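Undergrad: Numbering (our numbering), first residue to last: 10 to 273. All C-beta atoms, glycine included, are put in the ideal place defined by N, C-alpha and C. Because the structure is a prediction, the values reported are computed rather than measured.
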Amino acid sequence: MMKSILHNKNASTRFQIIVEIASKGPAIEQKDIAVALGITPQAISEYLKHLVSEGLVQVEGRSRYRVTSSGVNWMLSELRDLNNYVNFAEKAVTDITVNAALTENDIDAGQEVGLRMKDGLLTAGNARGAAARGTAFQNGKAGEDVGVTSVKGIIELKPGVVSVAIVPSISGGGSAKTNLDALKDFCRGHKHIGAVGIEAYAALRRADIEPRYFYAVQEVAIQAVRYGLEVFIVCISDELPGFIKRLRDSGLEPQVVDLRETKS
Numbered sequence: 010m011m012k013s014i015l016h017n018k019n020a021s022t023r024f025q026i027i028v029e030i031a032s033k034g035p036a037i038e039q040k041d042i043a044v045a046l047g048i049t050p051q052a053i054s055e056y057l058k059h060l061v062s063e064g065l066v067q068v069e070g071r072s073r074y075r076v077t078s079s080g081v082n083w084m085l086s087e088l089r090d091l092n093n094y095v096n097f098a099e100k101a102v103t104d105i106t107v108n109a110a111l112t113e114n115d116i117d118a119g120q121e122v123g124l125r126m127k128d129g130l131l132t133a134g135n136a137r138g139a140a141a142r143g144t145a146f147q148n149g150k151a152g153e154d155v156g157v158t159s160v161k162g163i164i165e166l167k168p169g170v171v172s173v174a175i176v177p178s179i180s181g182g183g184s185a186k187t188n189l190d191a192l193k194d195f196c197r198g199h200k201h202i203g204a205v206g207i208e209a210y211a212a213l214r215r216a217d218i219e220p221r222y223f224y225a226v227q228e229v230a231i232q233a234v235r236y237g238l239e240v241f242i243v244c245i246s247d248e249l250p251g252f253i254k255r256l257r258d259s260g261l262e263p264q265v266v267d268l269r270e271t272k273s
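(1) Going by DSSP in three states, R257 sits in which element: helix, strand or coil?
(2) If you reduce the DSSP assignment to three classes, tell me which class L238 lands in.
(3) Specify, as a first and last residue, the run of the beta strand (DSSP E) that Q67 falls within.
(4) Quick check: the Cα distance between T112 and E121, rounded to an integer number of angstroms?
(5) Using the rule of at least 16 other Cβ atoms within 10 Å of the residue's Cβ for burial, across every protein chain shown, is T271 buried or exposed?
(6) From what residue to what residue does the alpha helix (DSSP H) around Y56 run?
(7) Jot down the residue ranges of each uninterrupted beta strand (DSSP E) in the region 136-189, minimum 3 residues, whole runs only, in chain order.
(8) Once the 5 residues before and after S273 are set aside, which same chain residues still bring their CB inside 6 Å of it?
(9) Measure the C-alpha to C-alpha separation of E208 and A118 and round it to an integer number of angstroms.
(10) Spatial neighbours of A216 within its chain, please: CB distance less than 6 Å, with the 5 preceding and 5 following residues excluded, ordered by chain position.
(11) Going by alpha carbons, who is nearest to A52 out of G70, K40 and Y74?
(12) Using the three-state DSSP reduction, which class does L192 fall into: helix, strand or coil?
(13) Thinking C-beta only, is E248 closer than 8 Å to H199?
(14) Between F24, K58 and V157, which has its C-alpha nearest E87's C-alpha?
(15) Got a sec? Which residues, its chain only, sit under 7 Å from M11 by beta carbon, not counting five neighbours each side?
(16) Can the beta-carbon of N114 be found less than 8 Å from the beta-carbon of V157?
(17) Between I242 and P177, which are expected to be in contact by the criterion C-beta below 8 Å, what is the C-beta distance as a whole number of angstroms?
(18) How many angstroms separate the CA atom of R71 from the CA atom of A36?
(19) Express the C-alpha separation of N82 and G75 in angstroms, rounding to a whole number.
(20) Tell whether a beta-carbon distance below 8 Å holds between V205 and Q264.
(21) Between the alpha carbons of G64 and S79, how many angstroms are there, rounded?
(22) Using the three-state DSSP reduction, which class does D217 fall into: helix, strand or coil?
(23) Would A136 and G152 be called neighbours here (beta carbons separated by less than 8 Å)?
(24) Mind reading off the beta-carbon distance from I164 to A141? Whole number of angstroms is fine, and I expect it under 8 Å.
(25) Do A133 and I116 have their C-beta atoms within less than 8 Å of each other?
(26) Leaving aside the five residues before and after N148 along the sequence, list all residues of the same chain whose C-beta is less than 6 Å from its C-beta, in chain order.
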């Protein structure tokens, strides 16, 4: 989920150059961009050569540049994904400020605890090796909720992944034309399973799998991945394009497998 403009200096500089051109007009000079970004005009010139060759920026006469439609789309994509990451980070901070966590083991009031995300939930346990720590202000048995104060550090929160399996819509045979063995392999060992469409639900039931999610599956998947969960969605072919688009608009790139039977 971490966007390239946050951890890649080259991508960050390219993005800032495009923003400068878009915001200040085509008459902006390379030296002005250099001053704004705090790098040399020579470096700006090299960046602009690459941006022009990639079709993100267009030269219009001497020292005049314009952001192309491709450049605008690239910038909007970066902004959208950056916004998703900001939301992701805000949720992590919110989890900290709420100061409620599930105990991993018995905890005593005043004890220093380590805060971690496990299976999408904030937990408090052994402080050793934890990137974020706090102090429990009440006793708690394992599995109970406790309050935590004086939180320091950042909770490690690795984004999860979403995988999508395609099954036929009813016009293509529905669950009867689904590779059930492959479906079982797809879902094996996972509990965060969703079904999009009656045919997908029926296919899972035929494979002796009970889906955990059936309504608002797109939003469930997006939120679950942001909390570090692995989500497996079985989706009918008719709903697939819209489902994939919604995930990608949220900055997620799903792994897709096709479980439609090809045999007559």
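TA: In brief:
(1) Counted from its first residue, the sequence shown places residue 257 at position 248. Three-state DSSP puts R257 in a helix.
(2) As a position in the sequence shown, residue 238 is number 229, starting the count at 1. Note: L238 maps to coil in three-state DSSP.
(3) Sequence index remark: in the sequence shown, residue 67 carries index 58 (1-based). Looking at the DSSP string, the run of the beta strand (DSSP E) that includes Q67 is V66 to V68.
(4) Within the sequence shown, residue 112 is the residue found at index 103, counting from 1. Within the sequence shown, residue 121 is the residue found at index 112, counting from 1. So the two alpha carbons sit approximately 12 Å from each other.
(5) For the purposes of this step, residue 271 is taken as residue 262 along the sequence shown, with counting starting at 1. By the Cβ neighbour-count rule, T271 is exposed, with fewer than 16 other Cβ atoms within 10 Å of its own.
(6) Residue mapping note: residue 56 aligns to position 47 of the sequence shown, counting from 1. From DSSP, the alpha helix (DSSP H) with Y56 extends over P50 to S62.
(7) Fully enclosed beta strand (DSSP E) runs of 3 or longer: 141-145, 154-161 and 171-176.
(8) Along the sequence shown, read from residue 1 onward, the residue named residue 273 stands at position 264. Confidence at S273 is low in this model, with a pLDDT of 47, below 50, so the placement of that residue is unreliable and no value is reported for it.
(9) On the sequence shown, residue 208 is found 199 positions in, with the first residue counted as 1. On the sequence shown, residue 118 is found 109 positions in, with the first residue counted as 1. Rounded to whole angstroms, E208 to A118 spans 51 Å at the Cα level.
(10) Here residue 216 refers to the residue found at position 207 of the sequence shown. Excluding sequence neighbours, A216 sits near L189, L192 and K193.
(11) Here residue 52 corresponds to residue number 43 of the sequence shown, with the count starting at 1. Taking only the C-alpha atoms, the option nearest A52 is K40.
(12) Looking up residue 192 in the sequence shown gives position 183. Helix, per DSSP.
(13) The sequence position of residue 199 within the sequence shown is 190, counting from 1. The sequence position of residue 248 within the sequence shown is 239, counting from 1. No, Cβ-Cβ distance for H199 and E248 is not below 8 Å.
(14) Position 78 of the sequence shown, counting from 1, holds the residue named residue 87. Taking the Cα of E87 as reference, the smallest distance to any Cα among F24, K58 and V157 is reached at F24.
(15) As a position in the sequence shown, residue 11 is number 2, starting the count at 1. Because M11 sits at a pLDDT of 45, beneath the cut-off of 50, its placement in the model cannot be relied upon, and the following sentence gives the value as read from the coordinates. Y94.
(16) Numbered from 1 along the sequence shown, position 105 holds the residue referred to as residue 114. Numbered from 1 along the sequence shown, position 148 holds the residue referred to as residue 157. Result no, Cβ atoms of N114 and V157 do not sit closer than 8 Å.
(17) Here residue 242 refers to the residue found at position 233 when the sequence shown is read from its first residue. Here residue 177 refers to the residue found at position 168 when the sequence shown is read from its first residue. No, I242 and P177 are not in contact; Cβ-Cβ is about 15 Å, not under 8 Å.
(18) Along the sequence shown, one-based indexing puts residue 71 at 62. Along the sequence shown, one-based indexing puts residue 36 at 27. Each residue's Cα considered, the two are about 9 Å apart.
(19) Counting from one through the sequence shown, the residue named residue 75 turns up at place 66. Counting from one through the sequence shown, the residue named residue 82 turns up at place 73. A small fix is needed here, since residue 75 is Arg in this sequence, not Gly. In a straight line, the C-alpha of R75 is about 14 Å away from that of N82.
(20) If you number the sequence shown from 1, residue 205 lands on position 196. If you number the sequence shown from 1, residue 264 lands on position 255. No, they are not a contact pair.
(21) Within the sequence shown, residue 64 is the residue found at index 55, counting from 1. Within the sequence shown, residue 79 is the residue found at index 70, counting from 1. Each residue's alpha carbon lies about 7 Å from the other.
(22) Along the sequence shown, read from residue 1 onward, the residue named residue 217 stands at position 208. In the three-state reduction of the DSSP assignment, D217 falls in the coil class, being assigned neither a helical nor a strand state.
(23) Here residue 136 refers to the residue found at position 127 when the sequence shown is read from its first residue. Here residue 152 refers to the residue found at position 143 when the sequence shown is read from its first residue. No. Outside cutoff.
(24) Here residue 164 refers to the residue found at position 155 of the sequence shown. Here residue 141 refers to the residue found at position 132 of the sequence shown. Right, the Cβ-Cβ distance comes to about 4 Å (below 8 Å), so this counts as a contact.
(25) Along the sequence shown, read from residue 1 onward, the residue named residue 133 stands at position 124. Along the sequence shown, read from residue 1 onward, the residue named residue 116 stands at position 107. Result yes, Cβ atoms of A133 and I116 sit closer than 8 Å.
(26) For the purposes of this step, residue 148 is identified with residue 139 of the sequence shown, where counting begins at 1. Closer than 6 Å at Cβ, skipping near neighbours: D117 and A118.
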